[in-house]
Structure formats: structure tokens, C-alpha cells
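Visitor: Positions -22 to -1, 1 to 106 (mature numbering (1 follows the signal peptide of the UniProt record, and there is no 0)) are the ones given, in order, by the sequence shown. Yeah, the Cβ is synthetic: ideal placement off N, Cα and C, and Gly gets one too. Starting off with a structure, shown below.
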Amino acid sequence: MGPLRRGLIAATAALPPGAALAGTCDTVRPGWDGVPVTIWGEAAALFSTPAALFLLAASATATLLRSAWGALVVCVLWSGLTMVITAADPGGLRALARSEGCAASPAIFIAAVALLCGAMILYTTRKR
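Next up, the structure:
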């Protein structure tokens, strides 16, 4: 790789995201209004997805029935959902969305899911 190509790659990488990357937010957040998303807004958006709403209902059901096996299955499903959210980004679309401001870190969502799963396991495994 010659010095010209290295320079072009470095210059392209140093450019801030602009109009050329505007399609990222249209893909990740179709109705985005241009205001940067906060970490709390990202958690609310992730908890309002159909998969998360289904898992919240399943968590409530397993907890109300005090089913330890049900809680374990739901926790495994929550783990799968958080893995898909954080790790399954082959095109780097979420990283681009974070740099443009239409997505934020899912840290609050992950912490809330971890607390929910821990509480479910502790509650359902206690003796009656």
C-alpha cells in the first residue's frame, strides 16, 4: 500500500459524519427527529421493541407462577436479545448511528435486563 492510498484512507476516516451517511439514521431509526438520543431514550426504545415486550410479559408470567425453569428460559432469551443488540452488527450500522446521534449506548438496557434476570432467579428459586 503506497503513501497516497494511506493518506486517502486516513483522510476519509478523519472526516466527521455528514450528509453522505444520512441513510444510516433512516435505516436504524426511521422516524428520528434530529435530536441526539440519550442513554435513557435508547433504553426506552430497546424496551419497546416487540421482542423485549414479549420477554417482559414472559418474565412477569414466570415470576407470578414462581417457575424457576421458566425464569431460567426467559433469562436465556434475554441474554440472546442483548447479544443480538450488542454483538450482531456486521455492517457497523449501529456504530455509525451512534456517531451521528440517532442511537446511544445500550448500557442502561443491559444493566436493567441483568437486574431483572437476577431478581427473577432469586425470587423463583426460594423455598415457599
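(1) Does the Cβ of VAL91 have 16 or more other Cβ atoms within 10 Å, making it buried, or fewer, making it exposed?
(2) When you compare the segment 30 to 47 with the segment 7 to 17, are there three or more beta-carbon pairs, one atom per stretch, that lie closer than 8 Å?
(3) Quick check on DSSP: helix, strand or coil for PRO(-20)?
(4) Exposed or buried, which one is ALA(-3) when buried takes at least 16 other CB atoms within 10 Å?
(5) If you reduce the DSSP assignment to three classes, tell me which class residue 107 lands in.
(6) Skipping 5 residues on each side, what residues in its chain have a beta carbon closer than 6 Å to that of VAL52?
(7) What's the call for MET61, buried or exposed, on a 16-neighbour Cβ count within 10 Å?
(8) Under a three-way DSSP split, which group does CYS3 fall into?
(9) Where VAL54 and PRO68 are concerned, what is the direct C-alpha to C-alpha distance, given to the nearest angstrom?
(10) Take VAL6 as the anchor and find which of ALA73, SER45, ARG44 has the nearest alpha-carbon.
(11) Under 7 Å, do THR102 and ALA23 count as touching if we go by C-beta distance?
Guide: Reading from the atomic positions:
(1) Working through the sequence shown from its first residue, we reach residue 91 at position 113. So VAL91 counts as buried.
(2) As far as the Cβ criterion goes, the segment 30 to 47 does not touch the segment 7 to 17, which means the pair count is below three.
(3) As a working note, residue -20 is residue 3 in the sequence shown. DSSP, reduced to helix, strand and coil, places PRO(-20) within a helical segment of the structure shown.
(4) Here residue -3 is taken as the residue at index 20 of the sequence shown, counted from 1. Unreliable positioning characterises ALA(-3) in this predicted model, as indicated by a pLDDT of 42, which lies under 50. The coordinate reading is nonetheless provided below. ALA(-3) should be labelled exposed.
(5) Absent from the structure is residue 107, since the part of the chain shown begins at -22 and ends at 106.
(6) Locating residue 52 in the sequence shown gives position 74, where the first residue counts as 1. Result list for VAL52: ALA36, SER37, ALA40, in chain order.
(7) Here residue 61 corresponds to residue number 83 of the sequence shown, with the count starting at 1. Exposed is the call here.
(8) On the sequence shown, position 25 is the one that residue 3 refers to. It is helical.
(9) The residue labelled residue 54 in the question sits at position 76 within the sequence shown. The residue labelled residue 68 in the question sits at position 90 within the sequence shown. Approximately 23 Å, taken between the alpha carbons.
(10) Here residue 6 refers to the residue found at position 28 of the sequence shown. Ranking ALA73, SER45, ARG44 by Cα distance to VAL6 puts ALA73 first.
(11) What you label residue 102 is simply residue 124 of the sequence shown in a count that begins at 1. What you label residue 23 is simply residue 45 of the sequence shown in a count that begins at 1. 7 Å or more divides the Cβ of THR102 from the Cβ of ALA23.
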